[in-house]
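This report refers to the structure that appears directly beneath it.
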Amino acid sequence: MSKLNALDDTQHDLEELVDAGITKIAQIIPWIHVKHTSFFVCVIDPESIDKMDIIKHKEMWTKEALGTCGFFQIVNHDIPILVLDEMLQGDRKFFKNDIKFKKQYYIRDIMKKDCSC
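The opening position of the sequence shown corresponds to residue 1 in the UniProt record's numbering, with each subsequent residue numbered one higher.
See the structure below:
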């Protein structure tokens with residue numbers, strides 16, 4: 001646990017560690033080796049449900065998908081490609097910032113401080 005805390009204290013992301021020439025990290029987090037996995041993605045299609053039902057149940061669908069799959073895909077969501085591209089550009093821009101900038105948003109335990117991200 002002390003190794004994990006030491007890594008957390010650096011608050012470096014994976015790209016920064018690789019850029020620094022670090023190619024191996026001591027076993028801090030135990031990896032579970034699985035020989036056979038079954039993988040699926042929950043897909044939510046709002047177009048297939050009545051519009052009023054979508055608004056009423058979207059939070060329930062999201063919680064169910066996250067609880068079942070851990071992540072999900074939403075299709076036919078009517079979010080323009082331009083908006084999605086801008087979101088990805090914003091993500092990339094954020095992660096290209098230096099560690100001092102990103103450090104202000106780093107948090108492992110959301111109960112310790114205000115997380116208004």
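Built from N, CA and C at the ideal position, the CB exists for glycine as well.
If you run the structure through DSSP and keep just helix, strand and coil, what is residue 118?
-> Because the chain spans 1 through 117 in this model, residue 118 falls outside it and cannot be assessed.
DSSP three-state assignment for I44, whether helix, strand or coil | Locating residue 44 in the sequence shown gives position 44, where the first residue counts as 1. DSSP places I44 in strand when its eight states are reduced to three.
If you draw a straight line from the alpha carbon of G21 to that of E86, how long is it in whole angstroms?
-> Residue mapping note: residue 21 aligns to position 21 of the sequence shown, counting from 1. Residue mapping note: residue 86 aligns to position 86 of the sequence shown, counting from 1. Going from the Cα of G21 to the Cα of E86 covers about 31 Å.
Coarse secondary structure for I99, derived from DSSP in three states | Position 99 of the sequence shown holds residue 99. I99 falls in the helix class under three-state DSSP.
Apart from the five residues on each side of it in sequence, which residues of its chain come closer than 7 Å, Cβ to Cβ, to V75?
-> Along the sequence shown, read from residue 1 onward, the residue named residue 75 stands at position 75. Closer than 7 Å at Cβ, skipping near neighbours: V43 and D45.
Secondary structure at A65, three-state DSSP: helix, strand or coil?
-> In the sequence shown, the residue the question calls residue 65 occupies position 65. Here A65 sits in helix by DSSP.
Confirm, please, whether the CB-CB distance from V41 to Q89 is below 8 Å.
-> Here residue 89 is taken as the residue at index 89 of the sequence shown, counted from 1. Here residue 41 is taken as the residue at index 41 of the sequence shown, counted from 1. No, the Cβ-Cβ distance between Q89 and V41 is not below 8 Å.
Mapping DSSP to helix, strand and coil, what is Q104?
-> Position 104 of the sequence shown holds residue 104. Q104 falls in the coil class under three-state DSSP.
Which value, in whole angstroms, describes the spacing of the CA atoms of T62 and E47?
-> Here residue 62 corresponds to residue number 62 of the sequence shown, with the count starting at 1. Here residue 47 corresponds to residue number 47 of the sequence shown, with the count starting at 1. Whole-angstrom Cα-Cα distance: 15 Å.
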